[in-house]
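Scroll down for the structure; my scribbles are underneath it.
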Amino acid sequence: MANVPKVKLNTGAVMPAIGLGTFSGNEPHEWPQCKPWIHTALQAGYRHLDTAYGYNTEKYVGEVVRESGIPREEIWITTKLPPHHMSRVAASLEESLERSGFDYFDLYLMHWPITRRYDPALGSPFSPQKEWNVLEHPTFSEAWAEMEKMLETGKVKNIGVSNFSVKNLEILLKTAKIVPAVNQVELHPLLAQNDLLAYCKEKGITLTAYSPTGYAEVRENPDVKKIARKHGVSSPPVALAWHVQRGTSAVPKSTNAERQKENLNLPKLDEEDMKILNSLDQGKHLCDQPGEDGTIFGWTLEQLGWSAWQA
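Taking this note's numbering, the leading residue of the sequence shown gets 4, the next gets one more, and so forth.
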């Protein structure tokens, strides 16, 4: 089995540094399609599965874990509170547990700092909406206070945030009793997030990358491909090694069994490799682009603290 690197959180918990993203699409027929590639990932040695209420894959993650025969306590499960459930943290957590069939989650993240109106009929909160129905309350700080209470129940072992900028982390930490264990954000060589990484390290927050291999724009980059050839691997393991050697974790999505194995066998990048990869930063976001209204899920780039946005 692959020797998966690990990262120690500010709670003392040890989390596999490479996990599997399980987003499978916004349409209901796409949600169960994650099962075969979650199975192959567990067979390859993955022991960290990243899901979310808004992905609608919690049910299938739970089914695969039980079908795998691997003890639940050997697999790290991350899930997330969706923006339209910010007013009902405890109820949303119960629904996630019920969907998955788990007794607890290892990590529970606030998916976005955005609060939207509760809508039980909303299938996928991240598919395009005519109205985002953004609310001022509860604020993300108020919702975080409710998440802190969930730790006392034992139903979550660690709590954190996702898509938080330095600006919003500073606001959160003014009232938070518990510092987030993790902040999961878009992160790859074209979007190095150096200021955010430095801030999170200073506060003891582990930065986790989604879209960590940067789609084709990173994978097909000549410098990345050159480093990959040097180490006898493909481009994705190079990007993932860059994350791990910077002290961050990553949750790549891969549906291909062979690529899943590759993503757990990372090369050791030398100083020159890291220098080249660090030089690729353009502050370039590759996912979650602003819509016609200029917002991302109802919030402006200024509200998100992403004013330096490059698309």
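Backbone N, C-alpha and C define an ideal beta-carbon position, used for all residues, glycine too.
Which residues in the same chain as residue i place their Cβ atom closer than 7 Å to its Cβ, once the five residues preceding and following it in sequence are excluded?
{"i": "G217", "result": "H191, P192, L193, A242 and L289"}
{"i": "Y202", "result": "V169 and L172"}
{"i": "V236", "result": "E265 and P270"}
Can you check which of these residues, the options, is closest to residue i by C-alpha distance?
{"i": "K327", "options": "W309, L12, N6 and G65", "result": "The shown model of the chain, from 4 to 314, leaves out residue 327, and the question about it has no answer."}
{"i": "H32", "options": "T142, T60 and Y202", "result": "T60"}
{"i": "Q196", "options": "G235, Q263 and S310", "result": "S310"}
{"i": "I162", "options": "T156, V169 and E151", "result": "E151"}
{"i": "G57", "options": "V169, V17 and Y111", "result": "Y111"}
{"i": "A212", "options": "S252, G235 and A179", "result": "S252"}
{"i": "R102", "options": "D291, L283, P116 and W34", "result": "W34"}
{"i": "V254", "options": "Q248, S214, Q292 and G72", "result": "S214"}
Within this structure, are the beta carbons of residue i and residue j separated by less than 8 Å?
{"i": "K158", "j": "H114", "result": "no"}
{"i": "V137", "j": "G22", "result": "no"}
{"i": "Q132", "j": "S165", "result": "no"}
{"i": "G104", "j": "G65", "result": "yes"}
{"i": "P8", "j": "R50", "result": "no"}
{"i": "D109", "j": "I80", "result": "yes"}
{"i": "L52", "j": "T25", "result": "yes"}
{"i": "W250", "j": "K204", "result": "According to the sequence as given, residue 250 is Gly; it is not Trp. A contact, by the Cβ cut-off of 8 Å."}
{"i": "P183", "j": "P128", "result": "no"}
Tell me which residues share the same chain as residue i and place their Cβ nearer than 6 Å to its Cβ, disregarding the 5 neighbours each side in the sequence.
{"i": "A244", "result": "L269, P270 and L272"}
{"i": "D226", "result": "I279"}
{"i": "D122", "result": "H87"}
{"i": "I299", "result": "D291 and P293"}
Mind reading off the beta-carbon distance from residue i to residue j? Whole number of angstroms is fine, and I expect it under 8 Å.
{"i": "V10", "j": "L45", "result": "In fact, because the Cβ distance is near 20 Å, the residues do not count as touching under 8 Å."}
{"i": "L175", "j": "W147", "result": "6 Å"}
Cutting at 8 Å between CB atoms, please list the residues of its own chain near residue i, excluding the five before and the five after it.
{"i": "E77", "result": "R50"}
{"i": "Q263", "result": "L23, W40, T43, A44, A47, Y49 and S257"}
If contact is defined by three or more beta carbon pairs under 8 Å, each pair taking one atom from either stretch, is the segment 35-43 in contact with the segment 256-270?
These segments touch.
The segment 137-153 / the segment 73-90 touching (three or more Cβ pairs under 8 Å):
Segment contact: the segment 137-153 against the segment 73-90, three or more CB-CB distances shorter than 8 Å; contact assigned.
Three CB pairs or more closer than 8 Å across the segment 224-237 and the segment 207-215
Cβ pair count under 8 Å is below three, so no.
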